[in-house]
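K.L.:
Going by numbering that gives the first Met the number 0, the sequence shown wraps up at 337, each residue one higher than the last.
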Amino acid sequence: MDIVGKNLAQIEEFMIANGQSKFRAKQVYNWVYLKSVSTYNEMTDLPLQTRELLKEKTNLCSISIKDKQVSKDGTMKFLFEMKDGAFAEAVLMRFDNRANLTACISTQVGCPMGCSFCATAKLGFKRNLEIDEIIQQIFLIQADTGLKVTNIVYMGQGEPLLNFDNLIGSINIFREQFQVGARRITVSTCGLIPQINKLADLDFQSTLAISLHAPNQAIRSEIMPVAKKYAFDELISCLKKYTEKTGRRVTVEYVLMKDVNDSVENAKELAYAIAKLKSNVNLIVYNQNEKSPYKKPNKDNVLKFKYILEASGKKVTVRLERGADIDAACGQLASKAK
Ligand code: SAH
């Protein structure tokens, strides 16, 4: 059994089953979730015998940091090795103008969605991450840096909504154990309609971001195979229902790629398509990667695109590019072990 990823009741159950007093669980819990220590030896208020028992019967954390790179802008990319030798990455970002520290984490090894512009897609799909493996990414980032993660985005490798139970389970642990508020958590999806409906039924209170990336079905289905299964118009109506049910605005993510989806016409069509959808727009300038033919848009097109959406009444942000020099930016996570 892994300790990191368990809640207090589960640790208590273990302690009692192993003849320990229940309050030892709270001590372990505090070391793990409040202090992020990464060895049992550091849990100095536990009797030696309890520490030995824990070492013998549990793993504190079973994933490990295989590699860490730091970008010029301070962004860090962590390569984690799982118990079975599989790799997944996470990114830690600080934005200059804010005190927040945002971690971008993975939910799958590889990804099955096959978006034509994304480096992760080129890895193919290996498996879902277990719930402990998702939670331990945040634990190890905090243990390694000594910093507290304040915001979590499920925008690393994989499609979070295909690992639904572990997504929801890990969000609960982040909220309850790591004290990260629901509103500081964002889940990004390529647009799986049944799962979005499930989130609506759960009255999901974190932010849902949609990788829309196109103003219509024709362009979307060319770059995102998922659009062949869940069509553009159906996705927009599903999102409208979602915002009505949850009372929460969604974020429309739109990666601008030169001559693919970055024209003035594309902007107008997008503004029209999402006019009645309660949403903010997050424009992402395409990050080039080795294996892909797509190019960055001209600066001028980005500004025009932003202006047109703003003029239609949307709040628009252009996502700051982070960590591109270490392949840590959006769509560059390809788990290259060195
Ligand atoms: N599978 C989920 C979570 C991944 S989030 C989803 O699709 O939303 C990663 C985000 O980066 C997605 O919006 C993805 O479409 C975007 N992205 C992929 N490749 C990119 C690239 N080369 N440049 C910029 N953004 C990219």
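Note that beta-carbon positions come from the ideal geometry of N, C-alpha and C, so glycine has one too.
My output table needs one value for Leu276: the three-state DSSP class, helix, strand or coil.
P.N.:
Leu276: coil per DSSP, three-state reduction.
K.L.:
Who are the Cβ neighbours of Lys267 in its own chain at under 7 Å, not counting the five residues just before and after it?
P.N.:
Once the five neighbours on either side are set aside, the close Cβ partners of Lys267 are Ile307.
K.L.:
Excluding the five sequence neighbours on either side, which residues of its own chain have a C-beta within less than 7 Å of the C-beta of Gly4, listed in chain order?
P.N.:
Once the five neighbours on either side are set aside, the close Cβ partners of Gly4 are Ile130, Asp131, Ile134, Gln135 and Ile172.
K.L.:
Quick check on the burial criterion: 16 or more other C-beta atoms within 10 angstroms. Buried or exposed for Pro296?
P.N.:
Answer is buried; the Cβ neighbour count reaches 16.
K.L.:
Whose C-beta lies closer than 6 Å to the C-beta of Arg50 among residues of the same chain, with five residues either side of it excluded?
P.N.:
Tyr39.
K.L.:
Answer yes or no: do Tyr229 and Phe116 have a C-beta to C-beta separation smaller than 8 Å?
P.N.:
No, they are not a contact pair.
K.L.:
Grouping DSSP H, G and I as helix and E and B as strand, with all else coil, what is Cys103?
P.N.:
Reduced to three states, the DSSP call for Cys103 is strand.
K.L.:
Give a yes or no on contact between the stretch 108 to 126 and the stretch 283 to 292, applying the rule of three or more CB pairs nearer than 8 Å.
P.N.:
Yes, the stretch 108 to 126 touches the stretch 283 to 292.
K.L.:
Alpha carbons only, please: which of Lys54, Val251 and Ile167 is nearest the one belonging to His212?
P.N.:
It is Val251.
K.L.:
Quick check on the burial criterion: 16 or more other C-beta atoms within 10 angstroms. Buried or exposed for Lys337?
P.N.:
Caution is warranted here: a pLDDT of 46 is assigned to Lys337, below 50, making its placement in the model unreliable, and no coordinate value can be reported.
K.L.:
How many Å lie between Ile184 and Ala270 at the Cα?
P.N.:
The alpha-carbon atoms of Ile184 and Ala270 are separated by roughly 26 Å.
K.L.:
With a threshold of 8 Å, are at least 3 pairs of Cβ atoms found where one atom belongs to the stretch 185 to 198 and the other to the stretch 74 to 81?
P.N.:
Touching, no.
K.L.:
Taking Thr144 and Arg321 to be in contact with their CB atoms under 8 Å, please state how far apart those CB atoms are, rounded to whole angstroms.
P.N.:
At roughly 16 Å, the Cβ-Cβ gap does not stay under 8 Å, so Thr144 and Arg321 are not in contact.
K.L.:
Consult DSSP for Lys67 and reduce its assignment to one of helix, strand or coil.
P.N.:
Strand at Lys67.
K.L.:
On the premise that Ile235 lies in contact with Leu276, defined as a C-beta separation below 8 Å, what is that separation, rounded to the nearest angstrom?
P.N.:
The Cβ separation is near 6 Å, so the contact holds.
K.L.:
According to DSSP, is Leu207 part of a helix, a strand, or is it coil?
P.N.:
In this structure, Leu207 counts as strand in the three-state DSSP scheme.
K.L.:
Report the option in Lys56, Cys110 and Leu128 whose CA atom is closest to the CA atom of Gly84.
P.N.:
When only C-alpha atoms are compared, the closest one is Leu128.
K.L.:
Hey, out of Pro46, Glu221, Lys147 and Phe203, whose CA is closest to Arg364's CA?
P.N.:
Since the first and last residues shown for the chain are 0 and 337, residue 364 lies out of range.
K.L.:
What three-state label does DSSP hand Thr125 in the structure shown?
P.N.:
Strictly speaking, residue 125 in this sequence is Lys, with Thr absent from that position. Lys125 falls in the strand class under three-state DSSP.
K.L.:
Using DSSP's beta-bridge definition, name the partner residues of Gly109.
P.N.:
Paired residue(s): Phe124.
K.L.:
Which residues in the same chain as Arg219 place their Cβ atom closer than 8 Å to its Cβ, once the five residues preceding and following it in sequence are excluded?
P.N.:
For Arg219, where only same-chain residues beyond five positions count, the Cβ hits under 8 Å are Leu211, His212, Ala213, Ala226 and Phe231.
K.L.:
Please find out if some non-hydrogen atom of the ligand SAH comes closer than 7 Å to the beta-carbon of Gln141.
P.N.:
False, no ligand heavy atom lies under 7 Å from that Cβ.
K.L.:
Please look up how many angstroms separate the CB atoms of Gly157 and Glu88, rounded, as I've assumed it's under 8 Å.
P.N.:
Contact doesn't hold; Cβ gap of about 10 Å is too wide.
K.L.:
Is Pro193 near the ligand GTP, in the sense that its beta carbon is under 7 Å from a heavy atom of that ligand?
P.N.:
The model on display carries the ligand SAH but not the ligand GTP.
K.L.:
Grab me the residues of Gly109's own chain with a C-beta within less than 6 Å of its C-beta, minus the 5 sequence neighbours each way, in chain order.
P.N.:
Hits under 6 Å: Leu122, Gly123, Phe124 and Lys125.
K.L.:
Between the beta-carbon of Val148 and the beta-carbon of Ile140, is there less than 8 Å?
P.N.:
Closer than 8 Å, so yes.
K.L.:
Taking DSSP's pairing of strands, which residues face Thr185 in a bridge?
P.N.:
Paired residues: Val152 and Thr206.
K.L.:
When you compare only the Cα positions, how much space is there between Asp301 and Leu198?
P.N.:
The residue you asked about is not Asp; residue 301 is Val in the sequence shown. So the two alpha carbons sit approximately 32 Å from each other.
K.L.:
Assign Ala98 to one of two classes, buried (16 or more other C-beta atoms within 10 Å of its C-beta) or exposed (fewer than that).
P.N.:
Exposed: under 16 other Cβ atoms inside 10 Å.
K.L.:
Taking only three categories from DSSP, how would you classify Lys76?
P.N.:
Residue state, collapsed to three classes: strand.
K.L.:
For Met0, count neighbouring Cβ atoms within 10 angstroms of its own Cβ and tell me buried if that reaches 16, exposed if not.
P.N.:
So Met0 counts as exposed.
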